[in-house]
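There are 2 protein chains.
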Amino acid sequence: MIATDGRRVRGEASRQAILDAAVRVIAAGGLSSVTHRTVAAEAGVSTASTTYHFATLDDLLQATLSSLSATGVARLAQAVELSESGAFTLADAATTFLIEELGPNRDAFIANLELQFASVRRPAWSTVMTNTYDGFVELIEHYVGDEHAARAIFSAAFGFAVHHVIQDSHPTDATCRRFVEDLVAHYDVAKPNRSRSRRTRSSKR
Amino acid sequence: MIATDGRRVRGEASRQAILDAAVRVIAAGGLSSVTHRTVAAEAGVSTASTTYHFATLDDLLQATLSSLSATGVARLAQAVELSESGAFTLADAATTFLIEELGPNRDAFIANLELQFASVRRPAWSTVMTNTYDGFVELIEHYVGDEHAARAIFSAAFGFAVHHVIQDSHPTDATCRRFVEDLVAHYDVAKPNRSRSRRTRSSKR
DNA sequence: AAACTATCTGTACGAATGTCCAGTAATCTA
DNA sequence: TAGATTACTGGACATTCGTACAGATAGTTT
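The listed protein sequences correspond, in order, to chains G and E.
Using the working numbering, the first residue of the first sequence is number 39, and each one after it goes up by one.
Using the working numbering, the first residue of the second sequence is number 39, and each one after it goes up by one.
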């Protein structure tokens, strides 16, 4: 059994510890402060350990991006589940998400953004990006029923978060809620079909 | 006269050449590829020349951010002038701006975004950020007449642009226009007062 | 127990980096 | 013309970086 090999499970644990440490390093000092040595020190492992688990520094960063995206999708799935149980509007989901990203989860959000920007120049990373993005859009589409509107809502909310990060602004919960409600109210009214039909996702931009 | 000193004007010219080269370097390889040597090579000057004009690398980056912000504000002022002559709606201005930023000006826009992100960890740069941001919001406010709506519109349009950059997506002009028109139509309807009253800018978030 | 394998580490090396400094050349001032 | 000022340059130095590699350690298999 591979899964119960004591060496492998410990190896996987330290691998994850390195990734978590990378997030902390990015959040603290930016992408440029990520080196094998800084991450190893933060994770409490030897320098060579990082090169063992991740052959090159780019591999380490890509794995960090994947890890962050995975947790993001997990939180997304949780939100979906809550919505399925009813009594949970799009505004609720988006508001709580924004409050989290700009509050307790802000450090990880910033690290995520820096990695996403780095992916602009690394085509190999693009698959991770589009997957998580499609996940978010599909959730919103589940509420709104229109792909175009879903994309617009996501862009706007994303811009709200990015903008407040860049401006080092910490909006209140009420500010977040007001922004989301204004935004959603518009597209909610404009939605052509509220029922969840089998969507034919267009591949055009 | 200081202004007509031949040495100084040439010095200022090469200083600007270095800043322009820095933008090109960032656009080509990202912030991490900015070194005294790469910028000097791109600008066609000696390595020591960059350290002469900018004592430290951080100074060079900050000056680059200021330079990019200045040109952005200049284009903003131009748009305002066009609007004053009438027959130029907010949707027109925002659409052309987005098309430019995501098209011919995309490289500089990406460089600008990377620098803006870098400012998150550099408090000394924040003044540049808030100044340009306030400029944009004031322009939108000129059309919409409501500060809150202006902020929301800016956030949404900004998110649209950032998102397409991260996704390496090149939206068509029609896509940009449709997004802007949907966005503006909402807040345009909701505007409480179209006339340009003397605004009392609130300092709250 | 013995052979094997996966994880981990100390150490090292060439390359690249930020920054300094002693000069040189061009221009201005008096 | 003589001196002062400004822009610019080649070269150097200490530091940090990515990465490789031989060996040590510990868990698994036979």
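C-beta: ideal position from N, C-alpha, C; glycine also.
Going by the CB atoms, is the gap between residue j and residue i shorter than 8 Å?
i, j, result
"residue 63(G)", "residue 50(G)", "no"
"residue 98(G)", "residue 149(G)", "no"
"residue 181(E)", "residue 128(E)", "yes"
"residue 173(G)", "residue 218(G)", "no"
"residue 202(G)", "residue 140(G)", "yes"
"residue 199(G)", "residue 136(G)", "yes"
"residue 67(G)", "residue 159(E)", "yes"
"residue 77(E)", "residue 52(E)", "no"
"residue 133(E)", "residue 48(E)", "no"
In chain G, what lies closer than 7 Å to residue i by C-beta?
i, result
"residue 168(E)", "205"
"residue 154(E)", "204"
"residue 148(E)", "158"
"residue 194(E)", "193, 194, 197"
"residue 171(E)", "205"
Could you spell out the range, first to last residue, of the alpha helix (DSSP H) harbouring residue i?
i, result
"residue 47(E)", "44–67"
"residue 155(G)", "144–156"
"residue 193(E)", "185–204"
"residue 91(G)", "85–91"
"residue 170(E)", "164–182"
"residue 208(E)", "Looking at the DSSP string, residue 208(E) is not in any alpha helix (DSSP H), and its letter there is neither H nor E."
Any heavy atom of the ligand SAH closer than 7 Å to the CB of residue i?
i, result
"residue 103(E)", "The ligand SAH is not part of the structure shown, which contains no ligands of any sort."
Write down the C-beta distance between residue i and residue j rounded to the nearest angstrom, noting that I regard them as a contact closer than 8 Å.
i, j, result
"residue 71(E)", "residue 194(G)", "That belief does not hold up - the Cβ atoms of residue 71(E) and residue 194(G) are roughly 32 Å apart, past 8 Å."
"residue 146(E)", "residue 131(E)", "Actually they do not touch by this definition, with Cβ atoms about 19 Å apart."
"residue 197(G)", "residue 196(E)", "4 Å"
Chain G partners of residue i, CB-CB under 9 Å?
i, result
"residue 114(E)", "Within chain G, no residue comes near residue 114(E); the closest Cβ sits about 16 Å away, beyond 9 Å."
"residue 67(E)", "159"
Using a Cβ cut-off of 8 Å, pull out every chain G residue sitting near residue i, in sequence order please.
i, result
"residue 126(E)", "Simply none; closest approach about 23 Å."
"residue 92(E)", "What residue 92(E) touches in chain G: nothing, since even the nearest Cβ is about 17 Å away."
"residue 174(E)", "Simply none; closest approach about 10 Å."
Check the Cβ of residue i against every Cβ in chain E and list those closer than 7 Å, keeping chain order.
i, result
"residue 60(G)", "In chain order: nothing, as chain E lies at least about 15 Å away."
"residue 164(G)", "206"
Please list, in chain order, the chain E residues whose beta carbon lies closer than 9 Å to that of residue i.
i, result
"residue 129(G)", "Within chain E, no residue comes near residue 129(G); the closest Cβ sits about 14 Å away, beyond 9 Å."
"residue 220(G)", "186, 187, 190, 224, 225, 228"
At a CB-CB cut-off below 8 Å, which residues of chain E make contact with residue i?
i, result
"residue 200(G)", "196, 197, 200"
"residue 151(G)", "155"
"residue 217(G)", "190, 193"
"residue 70(G)", "69, 70"
Take every Cβ of the segment 144–154 of chain G, pair it with every Cβ of the segment 101–108 of chain G, and state whether three or more of those distances are shorter than 8 Å. yes
Is it the case that the segment 201–219 of chain E contacts the segment 157–171 of chain G, given that we only count it when at least three CB pairs across the two stretches are under 8 Å?
yes
Does the contact criterion of 3 or more C-beta pairs under 8 Å hold for the segment 176–189 of chain E versus the segment 210–229 of chain E? yes
Item to check | Any 3 or more C-beta pairs closer than 8 Å across the segment 89–98 of chain E and the segment 52–59 of chain E | outcome: yes
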